[in-house]
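Peer 1:
There are 2 protein chains.
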Amino acid sequence: MKRRQFLGAAGVGLAASAVAAPAIAQSSPDLKWRLTSSFPKSLDTLYGAAEVFAKAVADATDNKFQIQTFAAGEIVPGLQAADAVQNGTVEMAHTASYYYVGKDPTFSLFTAQPFGLNTRMQASWMAFGGGEQLANDFFKKYNFLAIPCGNTTCQMGGWFRKEIKTVEDLNGLKFRIAGYAGNIFSKLGAVPQQLAGGDIYPALEKGTIDAAEWVGPYDDEKLGFVKVAPFYYYPGWWEGGAMLHNFINLDKWNALPKNYQAIVRAASAQANDWMIAKYDNANPQAIKRLAAGGAQLRPFPQPVMEASYKATMDTYAETSGKNADFKKVVDSVIAYRGDSYQWWQVAELGFDAFMVRMRQRG
Amino acid sequence: MKRRQFLGAAGVGLAASAVAAPAIAQSSPDLKWRLTSSFPKSLDTLYGAAEVFAKAVADATDNKFQIQTFAAGEIVPGLQAADAVQNGTVEMAHTASYYYVGKDPTFSLFTAQPFGLNTRMQASWMAFGGGEQLANDFFKKYNFLAIPCGNTTCQMGGWFRKEIKTVEDLNGLKFRIAGYAGNIFSKLGAVPQQLAGGDIYPALEKGTIDAAEWVGPYDDEKLGFVKVAPFYYYPGWWEGGAMLHNFINLDKWNALPKNYQAIVRAASAQANDWMIAKYDNANPQAIKRLAAGGAQLRPFPQPVMEASYKATMDTYAETSGKNADFKKVVDSVIAYRGDSYQWWQVAELGFDAFMVRMRQRG
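Same order as they appear, the protein sequences are chains A and B.
Letter 225 of the first sequence, counting from 1, is numbered 225 in my numbering, and no numbers are missing.
In short: position in the second sequence from 1, add 362, done, that's my numbering.
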């Protein structure tokens, strides 16, 4: 498949000049792009955002700019989406930056930071707090640009075969968790495991692993973990809000007409809103069904949360000592977090906490 | 000023057909619209969203579709924006639905509901919980369509000359508060006052009024209330998240090419994200400056919150008995609120509450 197609550009240019109309040939070429998603179609909210984005672009351009979406594995495996953008196999990907933590731990921070920013804070840090500049300065090395496009909202802590009552219960725990958060769990004595989505259920069933984190109620429900690991812990402190991005090859981006660039940005915002709203709509229903189906909801005990917080800050300091990019980004996040929560505790949390209290009373 | 202008449509159509190009004349006409905002330019986040929206539309169409934005009062007063859209004086407005509560109390519910939905819940209710359908069924009577475009995030309770320690302290309190929430304060014994933004400061200074609510730290700071009414209460329980909308005249909307409709939707999402992120970025800095400048932060006492909650539910029931549209919408909101907070108390509030606790410890 050709990755780009201009339809009779010279001819249209001539015709346009003949009637002194605006530069139509430059601004609205017929164009086909490919987008590889890091997600399977079964994760209809994560994968669905790419479809919503592509449809918005097509609708805005009268189908002149068509972006075909591919699920993980159709062109490249989900965790190689960034490489496919970097080397130009595809023009763009819809993915999570933290999947590429193996290249550089700095990647992890643009998606979510353990004990970092919540969903809205991550968005405001990106847009106004310096995040987007830091991200795109960093991603330039990999020849792509990143535009925020969705967020999973605060994730759950995962499914455990046995209860976690003390920090010591983490010792030796075989926990399916990937990326930077895995390093933190190592520091807490756990043994992080990397397993693809489809392999988690049988591993939990056989007891090859003791626990697994995935996303939140709506996505977790589909994998049926409640039957083999009923203790469902919260919050997923390593993902207070996991932002997805569109990664776009810089050469392809720079070659886009300015109006197509504008449309890509606006369509990314539309898909961003769609994903967050869809999770916020679906998770309440899913958690009710999960609880009715036997899920035992458990908050991580405070001492576990506090030990995890300390392990996180220690891990940040260690990585910062070795990696100047990481230090620059994590310092920005930590400062932003402090100011944001100082405000959040006033109106936002004051409102939400009261509303929860009244609901509990009935 | 002409409200719509097609630039040489016939000529471009002829040229396009000569080269067998797509139907450019139909899909990308030159078009000029006017947008009246309900806000003054000094409220740079509320007014600014209209500018961000209009720029996104212009950028996406290579300046073919130009929407000129006007501040409150330039074409019509801010509170007459909906009328101007209804009667076709302007093609569209950026406004808050609850300003039109005088026409029908149902208008109030599409912006915010006292003890209702928070910012994200309001967005998900609109997109997936039936809100958009309810809104546009209702707005059809007024010949406009509404597209979400921004949110103030959770507002503050306002500035008080004296502390509020008991429910009785509300008795006779002359409180600058408008709209449906004013009715609820009446039930609590207060005397709601309607005053334009510029009249609030002198009224507080002279003691003509005892208290005033406005928006949140960033917008409130500009009006200098801290000098005359230093007790700054929270949360603004009547606006857990106040959604703004683009109101678009239905005849003008239906006459738009489909790709321009798509661009308007995507640009509205972009301005939506911009406004929320800008408030989330600016409020933390503003509340720090206000506190340093003498603002005395106070939570409404629990008995005041609970009495307000009861007064709100009673007021909802009364209005529902008289107005079938209101009942349909408020019933939808209340059901959505219950499910949403049942989920919110798990991961979202679990995460935020812990983060606030750790910040307070330093």
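In this text, a Cβ means the ideal position worked out from N, Cα and C, and glycines have one as well.
Kindly list the residues whose CB is nearer than 6 Å to the CB of Q484 (chain B), restricted to its own chain and excluding five residues on each side of it in sequence; keep chain order.
Peer 2: The answer, listed in chain order, is G603, M605.
Peer 1: With distances taken from CA atoms, which of B:K403, B:F501, B:T407 is nearest F128 (chain A)?
Peer 2: Per the Cα distances, B:T407.
Peer 1: So what does DSSP say about K314 (chain B), is it helix, strand or coil?
Peer 2: What is shown of chain B runs 363 to 724, which leaves residue 314 (chain B) out entirely.
Peer 1: So L606 (chain B) is in the alpha helix (DSSP H); what residue range does that whole segment cover?
Peer 2: Counting along the chain, L606 (chain B) falls outside any alpha helix (DSSP H), though it belongs to the beta strand (DSSP E) covering 605-611.
Peer 1: I'd like to know whether the C-beta of R4 (chain A) is nearer than 7 Å to at least one C-beta of chain B.
Peer 2: Reliability fails at R4 (chain A), whose pLDDT of 35 lies under 50, so the model's placement of it is uncertain and the value that follows must be treated cautiously. No, no contact with chain B.
Peer 1: Quick check: what's the CA-CA separation for A112 (chain A) versus H245 (chain A)?
Peer 2: Distance between the alpha carbons of A112 (chain A) and H245 (chain A): 12 Å.
Peer 1: Could you list the residues in the segment 76-109 of chain A with a C-beta less than 8 Å from some C-beta on chain B, going in chain order?
Peer 2: Those would be none; no residue qualifies.
Peer 1: Curious, which full-length alpha helix (DSSP H) runs of at least 4 residues does the segment 127-186 of chain A contain?
Peer 2: The qualifying runs are 131-139.
Peer 1: Helix, strand or coil: which one does DSSP assign to K614 (chain B)?
Peer 2: In this structure, K614 (chain B) counts as helix in the three-state DSSP scheme.
Peer 1: Check whether the segment 73-89 of chain A touches the segment 204-217 of chain A, counting contact only when three or more Cβ pairs, one atom from each stretch, lie closer than 8 Å.
Peer 2: Taking 8 Å as the limit for Cβ pairs, the verdict is that the segment 204-217 of chain A does not touch the segment 73-89 of chain A.
Peer 1: Can you tell me whether DSSP reads P192 (chain A) as helix, strand or coil?
Peer 2: If DSSP states are grouped into helix, strand and coil, P192 (chain A) belongs with the strands.
Peer 1: Given a threshold of 16 other Cβ atoms within 10 Å of its Cβ, counted over all protein chains shown, does P646 (chain B) qualify as buried or as exposed?
Peer 2: P646 (chain B) comes out buried.
Peer 1: Along chain B, in chain order, which residues have C-beta atoms closer than 8 Å to that of I263 (chain A)?
Peer 2: In chain order: A422, I625, A628.
Peer 1: At the level of alpha carbons, what is the spacing between G464 (chain B) and G541 (chain B)?
Peer 2: Computed Cα separation, rounded: 8 Å.
Peer 1: Can D59 (chain A) and A631 (chain B) be called in contact, C-beta distance under 7 Å?
Peer 2: Taking 7 Å as the Cβ cut-off, D59 (chain A) and A631 (chain B) do not qualify as a contacting pair.
Peer 1: Using the Cα positions of P384 (chain B) and S702 (chain B), report the straight-line distance between them to the nearest angstrom.
Peer 2: Residue confidence is low: P384 (chain B) scores 44 on pLDDT, short of 50, so the model does not pin down where it sits. Its coordinate-derived value is still stated next. Computed Cα separation, rounded: 46 Å.
Peer 1: Thinking F65 (chain A) and T36 (chain A) are a contact (beta carbons under 8 Å), I'd like their distance in whole angstroms, please.
Peer 2: 17 Å between Cβ atoms; not a contact.
Peer 1: I need the straight-line Cα distance from G656 (chain B) to E348 (chain A), nearest angstrom please.
Peer 2: One C-alpha to the other measures close to 22 Å.
Peer 1: So what's W636 (chain B) in DSSP terms, helix, strand or just coil?
Peer 2: Three-state result, W636 (chain B): helix.
Peer 1: Helix or strand or just coil, what does DSSP make of W600 (chain B)?
Peer 2: W600 (chain B): coil per DSSP, three-state reduction.
Peer 1: Quick check: is the beta carbon of W343 (chain A) nearer than 7 Å to any beta carbon in chain B?
Peer 2: With 7 Å as the cut-off, W343 (chain A) counts as an interface residue toward chain B.
Peer 1: If you draw a straight line from the C-alpha of N545 (chain B) to the C-alpha of Y336 (chain A), how long is it?
Peer 2: Computed Cα separation, rounded: 39 Å.
Peer 1: Check the Cβ of K278 (chain A) against every Cβ in chain B and list those closer than 7 Å, keeping chain order.
Peer 2: Under the 7 Å cutoff, chain B gives F490.
Peer 1: Can you tell me the Cα-Cα spacing of K140 (chain A) and K549 (chain B), whole angstroms?
Peer 2: Roughly 59 Å between the two C-alpha positions.
Peer 1: Give me the Cα-Cα distance between Q704 (chain B) and Q194 (chain A), rounded to the nearest whole angstrom.
Peer 2: One C-alpha to the other measures close to 32 Å.
Peer 1: Note down the Cα distance separating A311 (chain A) from F175 (chain A), rounded to an integer number of angstroms.
Peer 2: Those two C-alpha atoms are separated by around 16 Å.
Peer 1: Is the Cβ-Cβ distance between N505 (chain B) and L618 (chain B) less than 7 Å?
Peer 2: Not a contact, by the Cβ cut-off of 7 Å.
Peer 1: When the cut-off is 7 Å and only beta carbons count, does L652 (chain B) lie next to chain A?
Peer 2: Not one chain A Cβ lies under 7 Å of L652 (chain B).
Peer 1: State the beta-bridge partners of L117 (chain A) as determined by DSSP.
Peer 2: Beta-bridge pairing links L117 (chain A) to no other residue.
Peer 1: For R719 (chain B), which of helix, strand or coil comes out of DSSP?
Peer 2: Three-state result, R719 (chain B): helix.
Peer 1: Between the segment 579-587 of chain B and the segment 518-528 of chain B, are three or more C-beta pairs nearer than 8 Å?
Peer 2: With a cut-off of 8 Å, the segment 518-528 of chain B and the segment 579-587 of chain B count as touching, because enough Cβ pairs lie within range.
Peer 1: Run through the DSSP bridge pairs and tell me what Q261 (chain A) is partnered with.
Peer 2: According to DSSP, which records beta bridges pairwise, Q261 (chain A) is partnered with nothing at all.
Peer 1: Using only the alpha-carbon positions, how far apart do D169 (chain A) and F231 (chain A) sit?
Peer 2: Each residue's Cα considered, the two are about 14 Å apart.
Peer 1: With a Cβ-Cβ cutoff of 7 Å, do Y409 (chain B) and F401 (chain B) count as a contact?
Peer 2: Yes, they are a contact pair.
Peer 1: Taking only three categories from DSSP, how would you classify L297 (chain A)?
Peer 2: Here L297 (chain A) sits in strand by DSSP.
Peer 1: Cβ of L349 (chain A) less than 7 Å from any chain B Cβ?
Peer 2: At least one chain B Cβ lies under 7 Å of L349 (chain A).
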